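Protein chains: 2
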Amino acid sequence: MTMTLHEFAPSGNCYKIRLIAALTGRTLNRRHYDILNGETRTPAFLREINANGRIPVLELEDGRKLPESNAALFYLAQGSPYWPADAWTQARVLQWLFFEQYSHEPNIATPRFWLAHVGADNLSDLQRALLPGKMAQGHAALQLMEDALTATPWLVDSIPTIADIALYAYTHVAPDAGFDLDRYPHIQAWLARVERLPGYQPMTV
Amino acid sequence: MTMTLHEFAPSGNCYKIRLIAALTGRTLNRRHYDILNGETRTPAFLREINANGRIPVLELEDGRKLPESNAALFYLAQGSPYWPADAWTQARVLQWLFFEQYSHEPNIATPRFWLAHVGADNLSDLQRALLPGKMAQGHAALQLMEDALTATPWLVDSIPTIADIALYAYTHVAPDAGFDLDRYPHIQAWLARVERLPGYQPMTV
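Note that the protein sequences, when read in sequence, are chains E and A.
Converting from the first sequence to our numbering requires adding 58 to each position, the first position being numbered 1.
Converting from the second sequence to our numbering requires adding 58 to each position, the first position being numbered 1.
The following block contains the structure:
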């Protein structure tokens with residue numbers, strides 16, 4: 059028996075779960091949903107998979123379900139070095155995970171979804187009006203990471219944790235939304251470091 | 059020596075840290091910043107307190123600093139029943155904490171800040187255009203909580219955890235942003251349950 063990932067494959071939030079699974083030696087069943095056609099908003103999905111109408115959802119072998127990508131990262135990293143042992147280090151890992159969902163994802167993943175999946179010509183007026191502010195805040199989030207990675211090779215001290223996995227997911231595809239990563243040399247070196255981790259798998263597998 | 063909370067007192071993100079401290083029998087020093095006058099964006103704040111320019115920041119006795127309200131909740135709840143012992147229950151607590159920052163806070167706390175602190179007459183055209191969508195998504199977040207609280211007395215099973223503390227903070231002041239909680243009887247009963255926890259302190263202390 060293996061766990062199942064309910065996902066939309068191009069989503070970084072889904073990819074981060076596949077990546078931690080690969081890094082910790084697990085195989086996941088994968089079930090695909092077309093979010094562009096509302097497949098995560100059907101009554102059956104809302105009732106059986108996630109009342110919040112979102113992917114990813116990690117389903118355990120016995121059918122228990124866990125929404126929220128970073129909660130799944132936490133769960134799959136248990137017992138591995140990607141979830142460090144002491145509470146202060148854990149708190150700093152969580153600091154980055156909350157930063158990812160509040161300051162990074164809405165400003166990098168959302169523009170990427172709009173531009174690479176919805177299409178620039180199909181955006182609403184409101185989406186178009188939001189884009190410049192999101193790009194500015196996305197660059198601010200990248201700059202914060204750049205500054206942190208100037209001090210240490212990984213986001214929390216000297217070992218890779220799920221903080222790095224969570225933030226790798228949408229950072230490495232930020233150019234899809236027009237973010238030029240040439241401005242962030244320490245981020246680029248860190249991306250390459252993630253890609254050399256034993257068991258690493260790219261997004262497109 | 060006690061820890062210090064760098065805060066803006068009316069912020070629910072700051073209140074949740076004061077609340078878990080009270081519930082776990084701690085006293086915190088409090089240092090106030092006027093976010094309406096940019097006091098968390100000064101060079102000194104960015105350098106010494108939080109490079110992300112936000113409050114709250116929890117400062118330990120030895121000067122180490124922890125941004126992100128829910129990371130501080132995690133840290134202060136260690137060793138208490140508010141952070142349960144097994145990994146699956148912990149993952150579900152984190153699920154709610156990420157839901158709070160991604161689906162609840164931007165749609166309830168942000169409208170509250172705009173309406174109660176910035177003032178309806180001072181909103182930008184973009185803020186005004188965003189408000190109806192945020193109110194709709196805020197109600198969706200409240201409905202999700204209502205449904206969960208129909209099944210169990212607390213968000214995760216039958217004991218209060220930091221999931222409840224995190225979501226109490228902005229839910230109980232959601233009427234400041236025009237959310238009518240009469241529509242959510244199970245939320246109202248849960249709010250009252252939180253307010254009966256030993257050590258509970260209101261937001262305005």
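Where a beta carbon is used, it is the ideal one built from N, C-alpha and C, also for glycine.
Note that the structure is predicted; figures quoted are calculated from it, not measured.
query	result
Our contact map puts leucine 152 of chain E next to alanine 129 of chain A with C-beta atoms below 8 Å; I'd like the distance itself, whole angstroms only.	4 Å
Checking contacts by CB at 9 Å: is asparagine 128 of chain E closer than that to chain A?	yes
Please report the straight-line C-alpha distance between tyrosine 258 of chain A and valine 252 of chain A, rounded to a whole angstrom.	8 Å
Measure the CB-CB distance between asparagine 110 of chain A and serine 161 of chain E and report whether it falls below 9 Å.	yes
For the beta strand (DSSP E) containing arginine 186 of chain A, name the first residue and the last one.	Run containing arginine 186 of chain A: none in the beta strand (DSSP E); it sits in the alpha helix (DSSP H), 183 to 209.
Closer than 8 Å is the cut-off here; do at least three beta carbon pairs connect the stretch 183 to 201 of chain A with the stretch 196 to 204 of chain E?	no
At the level of alpha carbons, what is the spacing between proline 260 of chain E and alanine 149 of chain A?	25 Å
Measuring CB to CB, does proline 142 of chain A end up less than 9 Å from isoleucine 217 of chain A?	yes
Since serine 161 of chain E meets chain A, which of its residues come closer than 9 Å, beta carbon to beta carbon?	Asn110 and Arg112
Can you tell which of E/Lys74, E/Arg241 and E/Ile107 has its C-alpha closest to the C-alpha of proline 125 of chain E?	E/Ile107
Kindly provide the ranges of any alpha helix (DSSP H) runs that are 4 or more residues long and lie completely inside the stretch 69 to 108 of chain E, ordered along the chain.	70 to 81 and 101 to 106
Can you find a CB in chain A that lies within less than 9 Å of the CB of leucine 155 of chain E?	yes
Listed from N- to C-terminal order along the chain, which residues in the stretch 181 to 196 of chain E have their beta-carbon within a distance smaller than 8 Å of any beta-carbon of chain A?	Leu184, Ala187, Leu188 and Gly191
With distance defined between alpha-carbon atoms, name the residue in E/Ser69, E/Ala178 and E/Thr62 nearest to alanine 224 of chain E.	E/Ser69
Please list, in chain order, the chain E residues whose beta carbon lies closer than 7 Å to that of proline 125 of chain A.	Gln153
Within 10 Å of its beta-carbon, does glutamate 65 of chain E have 16 or more other beta-carbons around it, so buried, or fewer, so exposed?	buried
When you check each C-beta in the stretch 69 to 101 of chain A against every C-beta of chain E, which residues fall closer than 7 Å?	none
Does DSSP put tyrosine 116 of chain A in a helix, in a strand, or in coil?	For clarity, residue 116 of chain A is leucine in the given sequence; the question names tyrosine instead. Here leucine 116 of chain A sits in strand by DSSP.
Grab the span of the beta strand (DSSP E) containing leucine 255 of chain A for me, first residue to last.	Looking at the DSSP string, leucine 255 of chain A is not in any beta strand (DSSP E), and its letter there is neither H nor E.
Can you round the beta-carbon distance between leucine 155 of chain E and tyrosine 133 of chain E to whole angstroms, since I take them to be within the 8 Å contact cut?	Their Cβ separation, rounded to whole angstroms, is 12 Å, which puts leucine 155 of chain E and tyrosine 133 of chain E out of contact at 8 Å.
Give the DSSP-derived three-state secondary structure of leucine 173 of chain A in the structure shown.	helix
Are the stretch 88 to 100 of chain E and the stretch 233 to 252 of chain E touching by the rule of at least three beta carbon pairs closer than 8 Å?	no
Note the first and the last residue of the continuous beta strand (DSSP E) segment covering threonine 60 of chain A.	Unbroken run through threonine 60 of chain A: none, as it is neither H nor E.
Rounded to the nearest angstrom, what separates proline 292 of chain E and arginine 112 of chain E at their Cα positions?	The requested residue 292 of chain E does not occur in the structure, where chain E is confined to residues 59 to 263.
Can you tell me the Cα-Cα spacing of arginine 84 of chain E and glutamine 136 of chain E, whole angstroms?	12 Å
Compute the distance between the beta-carbons of valine 176 of chain A and leucine 249 of chain A, then report whether it is under 9 Å.	no
Check the DSSP bridge columns for proline 125 of chain A and list the partner residues they point to.	A/Val115
Going by C-alpha to C-alpha distance, which of E/Tyr73, E/Ala232, E/Lys74 and E/Ala80 sits closest to alanine 167 of chain E?	E/Ala232
Using the Cα positions of alanine 221 of chain E and serine 138 of chain E, report the straight-line distance between them to the nearest angstrom.	13 Å
Can you give me the Cβ contacts of glutamate 163 of chain A inside the same chain, cut-off strictly under 7 Å, excluding the 5 residues immediately before and after it?	Tyr228
Let me make sure I understand the geometry here. Which of A/Glu119, A/Gly96 and A/Phe103 has the alpha-carbon closest to that of threonine 62 of chain A?	A/Glu119
Applying a beta-carbon distance threshold of less than 7 Å, which residues of chain A neighbour aspartate 205 of chain E?	Ala109
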